[in-house]
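For the sequence shown, counting from 1, position 55 maps to 55 in UniProt numbering; every step adds exactly one. Note that beta-carbon positions come from the ideal geometry of N, C-alpha and C, so glycine has one too. In what follows, a structure is listed as structure tokens, so that the remarks can point back to it.
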Amino acid sequence: MPSYAIVGNSRGIGLESVDQLSKTSFNAILPLIEQGEEWKIVHISSTKVDIDLIKKTGLPSSVAYAVGKASMNVVIAKYAAELAPKGIKSLALSPGW
């Protein structure tokens, strides 16, 4: 049976809190994910970090939110590279508007 974890990483809190929350979240879910047969961690991202969309629309609002989500995507890429040897997939999905 596949094992999935949906993670909501961006909660509009400070950088130190996000770092701690990220470590705490992963420490909590990794043992559960590793019990499954297929291991996937899905993070909720945003279309507000889509470079092409920003160029087309300008997206004048939510700059701080977009920067936070873009930073989160970098962290997700780091986790994806770090967890890949264990067979754990970590990816960001953008639900759209």
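Return the residue from the list the options that minimises the CA-CA distance to residue i.
i	options	result
I44	V75, K86, P85 and L83	V75
N73	S46, A84 and A64	S46
Report the CB separation of residue i from residue j in whole angstroms; it is logged as a contact under 8 angstroms.
i	j	result
A70	L59	With a Cβ gap of about 12 angstroms, A70 and L59 do not count as contacting.
Is the beta carbon of residue i sitting closer than 8 angstroms to the one on residue j?
i	j	result
I41	S90	yes
How many angstroms separate the CA atom of residue i from the CA atom of residue j?
i	j	result
P31	W39	11 angstroms
V49	S61	12 angstroms
Q35	G68	31 angstroms
G96	K86	30 angstroms
L83	A92	14 angstroms
V37	I88	Position check: residue 37 holds Glu in this sequence, whereas Val was assumed. Each residue's alpha carbon lies about 10 angstroms from the other.
- Okay, do the region 51-61 and the region 79-87 touch, 3+ Cβ pairs below 8 angstroms being the bar? no
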